[in-house]
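With mature numbering (1 follows the signal peptide of the UniProt record, and there is no 0) as the guide, the letters of the sequence shown map in order to residues -22 to -1, 1 to 736.
Working notes for the structure below.
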Amino acid sequence: MKNRLSKLILAAVILIGMQTFAQEAQHIPEVEALLKKMTLEEKIGQLNLLTPGGGVATGSVVSKNVEEKIKAGNVGGLFGVTGPDKIRQAQEIAVKNTRLGIPLLIGSDIIHGYKTTFPIPLGLSSSWDMELIEKTAQIAAKEATADGINWNFSPMVDIARDPRWGRISEGAGEDPYLGSAIAKAMVTGYQQQDLTEENTMISTVKHFALYGASEGGRDYNTTDMSRVKMFNEYLPPYKAAIDAGAESVMSSFNDVDGVPASGNKWLLTDLLREQWGFEGFVVSDYTSVNEMIAHGLGDLQAVSALSINAGLDMDMVGEGFLTTLKKSVDEGKVSEATITNACRRILEAKYKLGLFEDPYKYSDSKRPERDILTAANKEVAREAARKSFVLLKNENKTLPLAKTAKIALVGPLANNKNNMLGTWAPTGDPQLSTPILEGLKNVAPNAEISYAKGANISNDSAFAKKINVFGPRIEISEATPEALLAEALANAKTADVVVAVVGEASEMSGESSSRTDITIPESQKTLIQELVKTGKPVVLVLMSGRPLDITEELALPVSILQVWHPGIEAGNAVADVLFGDHNPSGKLTASWPQNVGQIPVYHSMKTTGRPAPSTEFQKFKSQYLDAVNAPALAFGYGLSYTTFEYSNLKLSSKSIGQNEDVTVMVDVTNTGAYDGEEVVQLYLHDVVRSITPPMRTLKGFHKVFIKKGETKTVTLTLKAEDLKFYNGSLEFISEPGEFEVFVGGDSNAALKETFTLN
Ligand code: BGC
């Protein structure tokens, strides 16, 4: 007996020993050796992320305070500093002046391209083209690393179903399946296979978590939702980014279950590290640790201790870690081991980038000229923009236009460089963008184009002041609104067709740019209505960073091409599509509401116990007195110059077992007069299950090019995993029963087949 017991004890000791060994074996020996040499203060210094201030373009790394702090070993990374020479200087200060010579992480927000600005992310997502999206991220990484940056605060993968929220522009829209695919494409684009390559960088998935669900669409607001909704609908894209290898995570500003994300242990440790196995480092959002004071969680020392104990590793800008952690260790509120762990993760990131081997590997002053704003990069920007456009309406097939047409080009965004790049493009230069007028002239030199502004983006100078924080986005003309309008109408009257470029200024969406009224501003609505009265065909080229309420415009006899904020090649790309050199194929990735009162409205809503009748109002059903339940424009919607017809939907099996896939086949015929691309979409409805299922939810898509007159059979695979969901106990399972499969060109797809899971 005694013998058996001692054998058992021995086995347990060996097992524990092996586990410790296995854990330690994952650590990087060079980092472990360095950690052993570091003082507590030096470790805390690594957790501090600073920005020298002054903005990306003008920020100087040698600004006094920052330089002193780097020399004192109080800085682990910087952001908002660019250029190989400046960054070499910063690294030199860190490497040559500190005791251990640890190089810096150099971060930046490269959200949709570095200097070659691509369309805003919501626009890019509308391309449904994963290869293209990955390519844009790869180019962004190449350009940014050429300019010295090694760490990107992208992708932003927050699911957003409230277009009042300005930051809906920065993400991939409402759907977790598509959002996960895009998260993966972007992380892969930034990091590639090898972080030690000179043109790859660390990718940060943000904002963890649920930031897109801010109440009322108001930025930085509180969020609250059930775990079931969280796991099924909001968390998948973050998880997909981590599974794709994202080395860093940024916590969000909002609270989750009442605890701000930056201090939320359940989120940052239990879920992220223990359940998902994340091994990289977590950085706070800008001063989000300090903001926990305003959230009501205590003073700076208390919130800093809460954050580091929750699993946050790096403190962005606020310096709460730097100024209070030592005290918290002395008082026993934070353990030194916790600080060592956080420091280890940051040092490991630096090691993986190869910074210990060569701190100056991103400081090659020959690279910017070679790698940034190349013709090839700009060509991808033009392609990405074309593919992001969504044709919402083509009245009397006005589009495409003849290249010899007499065009009245009007609207406040028609000859405007300042708004082409879109929100969150601080590394880009708006003055390098091609305005629409110029693009039209480039692509159709024989067209006869007259230009008139026609209206201000808004006539409200107080509103304009809020929008113009980063430069003139809304410029109110000295001419009166009446004079502007008269000029545009005079041009319209003598033209074959009117092209009106209207919509939002770039800073009307993005961070801190929530709106309660998401219609086109009044000044431009008047312009549109008056143009229609001329009886000329009117094409609206619509720019926005969010789904808009355009119910009034949809009712007018106009064509509408949604172009978001298209990036550096705006004008050329718009012209490519208007003149038919490129057939539009974008599809909406967030539903466009009938009005703000309908929000949230999205394709994967539930039936409720009292589903609304599809035709008329019926008392005691789940519907409104004054609007239908369906959005104005559905998720997945977008027209082409050609038409596609779907037929012969077939499933490989009508009855499957657990862990079996279903192959879905459908014939798609191009029945129109142009070659074109179509995004074939697959939606699933789990008819009966233990938690209420969505009416339908996206579970597959494939973008296919089909020549006019041709039919292609498109095959999609529904994997066993696609039938799974998180049940009431948060187990990821599928439940036996009937499933309905819908396939088509948008979320209203009508072709239907069913199968049973046994
Ligand atoms: C934003 C983040 C961004 C950070 C650094 C914050 O205000 O929420 O998305 O990465 O600033 O610029």
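Quick reminder that beta carbons are idealized off the backbone N, C-alpha and C, glycines included.
As the structure is a prediction and not an experimental result, all values here were calculated from the model.
| Is the region 624 to 644 touching the region 572 to 591 in the sense that three or more CB pairs, one from each, lie closer than 8 Å? | no
task = Just grab the DSSP bridge partners of Gln659 for me.
result = Translated into the one-based positions of the sequence shown, residue 659 becomes position 681. Answer by DSSP bridge pairing, in chain order: Phe679 and Gly722.
Report task. Just list the beta strand (DSSP E) runs in the region 545 to 604, keeping only unbroken ones of 3 residues or longer that don't cross its boundaries, in chain order. Result -> none
- [ ] Confirm the yes/no value for this check: CB of Lys184, any heavy atom of ligand 1, distance under 7 Å.
- [x] Within the sequence shown, numbered from 1, the residue matching residue 184 stands at position 206. Checking the Cβ of Lys184 against ligand 1 gives yes.
- Span separating the alpha-carbon of Gly258 from that of Ala483: Position 280 of the sequence shown, counted from the first residue, corresponds to residue 258. Position 505 of the sequence shown, counted from the first residue, corresponds to residue 483. So the alpha carbons of these two residues sit roughly 37 Å apart.
(message) When you compare the CB positions of Val721 and Val640, do they come within less than 8 Å of one another, or not?
(response) Reading the sequence shown from its first residue, position 743 is the one you call residue 721. Reading the sequence shown from its first residue, position 662 is the one you call residue 640. The answer is no: Cβ separation not under 8 Å.
Query - Span separating the alpha-carbon of Glu19 from that of Ser262 - result: One-based indexing of the sequence shown puts residue 19 at position 41. One-based indexing of the sequence shown puts residue 262 at position 284. Roughly 20 Å separates the two Cα atoms.
Going by DSSP, what residue range makes up the alpha helix (DSSP H) through residue 739?
In this structure the chain extends from -22 to 736, so residue 739 is not present and cannot be described.
Helix, strand or coil, according to DSSP, for Phe231 in the structure here? Locating residue 231 in the sequence shown gives position 253, where the first residue counts as 1. The answer is coil: DSSP assigns Phe231 none of H, G, I, E or B.
| field | Spatial distance of Asn177 from Pro7 (CA atoms) | value | The count along the sequence shown starts at 1 and reaches residue 177 at position 199. The count along the sequence shown starts at 1 and reaches residue 7 at position 29. Approximately 26 Å between the Cα atoms of the pair.
Open item on the list: Run through the DSSP bridge pairs and tell me what Val692 is partnered with.
Closed with: The sequence position of residue 692 within the sequence shown is 714, counting from 1. Val692 is bridged to Val644.
**Prompt:** So Lys384 packs on Glu426, CB below 8 Å; how close in whole Å?
**Reply:** Position 406 of the sequence shown, counted from the first residue, corresponds to residue 384. Position 448 of the sequence shown, counted from the first residue, corresponds to residue 426. Between Glu426 and Lys384 the Cβ distance is about 4 Å, and since that is below 8 Å, they are a contact.
Original post:
Just to check, is the beta-carbon of Met270 closer than 7 Å to a non-hydrogen atom of ligand 1?
Top reply: The residue you call residue 270 lines up with position 292 of the sequence shown. Answer for Met270: no, Cβ out of range of ligand 1.
message = Less than 8 Å between the beta carbons of Val519 and Ile414, yes or no?
response = Along the sequence shown, read from residue 1 onward, the residue named residue 519 stands at position 541. Along the sequence shown, read from residue 1 onward, the residue named residue 414 stands at position 436. In this structure, Ile414 lies closer than 8 Å to Val519 by Cβ.
- prompt: In the structure shown, what three-state DSSP assignment does Thr174 receive?
  reply: Residue numbering aside, residue 174 sits at position 196 when the sequence shown is read from its first letter. The answer is coil: DSSP assigns Thr174 none of H, G, I, E or B.
### Message
At a threshold of 7 Å, does Met228 count as lining ligand 1 (C-beta to nearest heavy atom)?
### Response
By one-based count along the sequence shown, residue 228 stands at place 250. It does: the Cβ of Met228 is within 7 Å (strictly closer) of some heavy atom of ligand 1.
- Task: For Ala363, count neighbouring Cβ atoms within 10 angstroms of its own Cβ and tell me buried if that reaches 16, exposed if not.
- Result: The residue you call residue 363 lines up with position 385 of the sequence shown. By the 10 Å Cβ count, Ala363 comes out buried.
Could you pull out every residue in the same chain whose Cβ sits closer than 6 Å to the Cβ of Thr585, ignoring the five residues on either side in sequence?
Counting from one through the sequence shown, the residue named residue 585 turns up at place 607. Correct list, in chain order: Met673.
Review point. So, using beta-carbon positions, are Thr95 and Gly545 closer together than 8 Å?
Key: Reading the sequence shown from its first residue, position 117 is the one you call residue 95. Reading the sequence shown from its first residue, position 567 is the one you call residue 545. Result yes, Cβ atoms of Thr95 and Gly545 sit closer than 8 Å.
Proximity to Ile98 [Cα-Cα], best of Gly488, Gly715 and Tyr329
Counting from 1 along the sequence shown, the entry for residue 98 is found at position 120. Residue Gly488 is the option with its Cα nearest to Ile98.
Length of the line joining the Cα atoms of Ser41 and Ser343:
Residue mapping note: residue 41 aligns to position 63 of the sequence shown, counting from 1. Residue mapping note: residue 343 aligns to position 365 of the sequence shown, counting from 1. Confidence is the limiting factor: at Ser41 the pLDDT is only 40, short of 50, which leaves the residue's position unreliable, though a coordinate-based value still follows. Distance between the alpha carbons of Ser41 and Ser343: 21 Å.
Q. If you follow the alpha helix (DSSP H) that Leu467 is part of, which residue opens it and which one closes it?
A. Taking the sequence shown and counting its residues from 1, one reaches residue 467 at position 489. Per DSSP, Leu467 belongs to the alpha helix (DSSP H) from Pro459 to Lys471.
For this session: Can you grab the Cα-Cα spacing for the pair Ala187 / Ser230, in whole Å?
Result: For the purposes of this step, residue 187 is taken as the residue at position 209 of the sequence shown. For the purposes of this step, residue 230 is taken as the residue at position 252 of the sequence shown. So the alpha carbons of these two residues sit roughly 6 Å apart.
Quiz prompt | Where His5 falls: helix, strand or coil (DSSP) | solution = Along the sequence shown, one-based indexing puts residue 5 at 27. Reduced to three states, the DSSP call for His5 is coil.
- Query: Is it the case that the CB of Asp263 approaches a heavy atom of ligand 1 more closely than 7 Å?
  - Reply: Indexing the sequence shown from 1 puts residue 263 at position 285. Asp263: yes, Cβ under 7 Å from ligand 1.
Helix, strand or coil for Ile271 per DSSP? Mapped onto the sequence shown, residue 271 falls at position 293. Correct three-state label for Ile271: helix.
For the region 430 to 441 against the region 553 to 563, are there 3 or more C-beta pairs whose distance is under 8 Å? no
| query | Any idea what DSSP makes of Gly488, helix, strand or coil? | reply | As a first step, residue 488 is located in the sequence shown; it is residue number 510 there, counting from the start. Here Gly488 sits in coil by DSSP.
- So what does DSSP say about Asn199, is it helix, strand or coil? Sequence index remark: in the sequence shown, residue 199 carries index 221 (1-based). It is coil, neither helix nor strand.
- Task: Confirm the yes/no value for this check: CB of Glu297, any heavy atom of ligand 1, distance under 7 Å.
- Result: On the sequence shown, position 319 is the one that residue 297 refers to. No, since every heavy atom of ligand 1 falls outside the 7 Å radius drawn around the Cβ of Glu297.
How many angstroms separate the CA atom of Glu373 from the CA atom of Ser537?
Working through the sequence shown from its first residue, we reach residue 373 at position 395. Working through the sequence shown from its first residue, we reach residue 537 at position 559. Each residue's Cα considered, the two are about 5 Å apart.
query = If you compare alpha carbons, which of Thr695, Asn128, Phe613 and Asn573 is closest to Ser582?
reply = The sequence position of residue 582 within the sequence shown is 604, counting from 1. Closest by alpha carbon: Phe613.
Quick one: what's got a C-beta closer than 7 Å to Arg66's C-beta in the same chain, skipping five residues either side? Counting from one through the sequence shown, the residue named residue 66 turns up at place 88. Counting only Cβ-Cβ distances below 7 Å, and skipping sequence neighbours, we find Tyr338 and Ser341.
Does the Cβ of Gln636 have 16 or more other Cβ atoms within 10 Å, making it buried, or fewer, making it exposed? For the purposes of this step, residue 636 is taken as the residue at position 658 of the sequence shown. By the neighbour-count rule (16 or more Cβ atoms within 10 Å), Gln636 is not buried but exposed.
Along the chain, where does the beta strand (DSSP E) that runs through Ser86 open and close?
Locating residue 86 in the sequence shown gives position 108, where the first residue counts as 1. Taken as a continuous stretch (DSSP letters only), the beta strand (DSSP E) holding Ser86 covers Leu83 to Ser86.
> Distance, Cα to Cα, Ala315 vs Trp402?
Replying inline: Sequence index remark: in the sequence shown, residue 315 carries index 337 (1-based). Sequence index remark: in the sequence shown, residue 402 carries index 424 (1-based). Using only the alpha carbons, I get a separation of about 37 Å.
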